[in-house]
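This report concerns only the one structure given below.
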Ligand SMILES: *Cc1c(COP(=O)(O)O)cnc(C)c1O
């Protein structure tokens with residue numbers, strides 16, 4: 129142990145549960161990143177959460193900056209969400225028929241969002257994005273789509289595609305089990321590169337159904353794009369008769385109630401949502417103009433469905449959570465709190481000359497072990513820096529701070545993180561930076 133490092137927290141119970149889980153699930157988990165493959169130790173099995181805190185099976189307590197990967201903007205187990213969900217549950221869990229709750233949640237969203245006129249609920253972000261792509265293809269009668277290296281859009285076939293070599297490339301599948309012919313319909317270009325996108329549109333004239341982007345790319349570090357670049361996307365899509373899809377599964381209801389569309393004031397053609405929209409239960413959604421949404425079945429010819437879509441209990445959680453977010457001043461307070469937190473960390477790192485940057489937007493932050501002032505493309509991330517994150521992650525866990533178990537993942541601040549919690553977290557982070565950079 130290097131000076132300053134702390135002994136590891138006990139993971140006996142978690143390790144035991146992990147062994148059992150490995151007999152049931154591939155890799156012991158139901159979603160790969162949970163397996164702690166990029167950080168030290170076995171995954172922590174969580175027992176309960178409350179406010180900004182998590183407790184694992186061994187009784188370790190953490191201040192949580194993962195927040196279930198984003199959905200929990202009000203923190204864990206928020207009383208308003210819990211009460212509304214409990215109330216609805218008394219009436220039954222699912223009917224497979226319309227309920228007023230779906231319309232209530234839709235109205236709450238549409239009334240407070242200038243960028244979409246109609247919405248359709250799904251049960252996950254993946255489904256929302258997959259359906260948005262189908263809508264774009266159906267509406268334009270074109271097959272090819274453009275995505276960006278470093279943006280994640282869920283695990284549907286067309287989107288598990290990474291860049292090959294060269295400026296404009298057909299995608300290469302990034303998962304086994306995806307036909308090459310599917311990947312060839314997806315063109316992958318670098319973020320923040322106008323020339324690459326122009327070249328793609330030239331090469332595939334009148335074949336591009338849509339360009340899909342995370343307007344706040346937050347699944348591979350936090351690769352903040354300029355507003356000018358996002359405006360360029362809007363223009364080039366319009367010029368070429370392609371649709372612009374903002375995948376706002378993370379940024380929706382996070383960077384503002386209207387998401388990144390509202391934050392940057394840019395009108396995409398289709399927007400996808402997930403995570404926050406369901407208040408911690410499985411909900412996704414996609415929305416667009418009424419005219420575009422008329423293409424969706426049963427109104428139009430683009431088929432999309434879901435047995436549990438608009439589930440009443442999930443809708444109740446969404447209503448309770450989004451009602452809080454729609455209150456005036458909600459985002460200002462949360463964002464200011466986050467900015468104070470991340471600025472203080474940056475000041476500390478800078479004062480010590482550490483090659484460390486905190487990138488931040490609204491209540492999203494990313495710790496990057498770098499000298500660069502900006503990182504705007506996936507290629508600009510140094511894979512070697514992940515070793516530093518790995519050490520930091522362990523030391524943070526040992527000090528009661530929980531971050532997502534990968535250096536490519538962003539952190540989230542919730543309203544439940546009090547100034548005192550953030551102060552505690554800051555001190556732990558300072559100590560961990562000292563340890564990482566003393567190596
Ligand atoms: C999480 C995420 C998805 C996938 O959502 P799931 O609910 O995990 O299927 C899609 N797009 C973005 C931008 C995401 O962050």
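Residue numbers (this note's numbering): 129 to 567.
A virtual CB, placed ideally from N, CA and C, is assigned to each residue, including glycine.
Source: prediction; values computed, not measured.
query	result
Please return the same chain residues whose Cβ sits closer than 7 angstroms to the Cβ of residue 435, not counting the five positions on each side in sequence.	224
Going straight from the alpha carbon of residue 313 to that of residue 185, what length do you get?	45 angstroms
Which stretch, first to last residue, makes up the alpha helix (DSSP H) that contains residue 364?	355–367
Starting from residue 449 and walking both ways along the alpha helix (DSSP H), at which residues does that stretch end?	440–453
Check whether the Cβ of residue 314 sits closer than 8 angstroms to any heavy atom of ligand 1, and report yes or no.	no
Do the segment 203–221 and the segment 370–387 touch if we need at least three Cβ pairs shorter than 8 angstroms?	no
For residue 181, does the three-state DSSP call read helix, strand or coil?	strand
Flag this pair as yes or no: are the beta carbons of residue 362 and residue 331 separated by less than 9 angstroms?	no
Nearer than 8 angstroms: is that true of the beta carbon of residue 176 relative to any heavy atom of ligand 1?	no
Using the rule of at least 16 other Cβ atoms within 10 Å of the residue's Cβ for burial, across every protein chain shown, is residue 249 buried or exposed?	buried
Closest to residue 192 by CA distance: which of 564, 565, 561 and 521 is it?	521
Could you tell me whether any non-hydrogen atom of ligand 1 is closer than 8 angstroms to the CB of residue 376?	yes
On the three-state DSSP scale, how would you describe residue 204?	strand
How should residue 262 be labelled, buried or exposed, when 16 other C-beta atoms within 10 angstroms of its C-beta is the threshold for buried?	buried
For ligand 1, is there any heavy atom lying closer than 8 angstroms to the beta carbon of residue 281?	yes
Assuming contact is defined by CB atoms lying nearer than 9 angstroms, are residue 413 and residue 400 in contact in what I supplied?	yes
Is any heavy atom of ligand 1 found at a distance shorter than 8 angstroms from the C-beta of residue 494?	no
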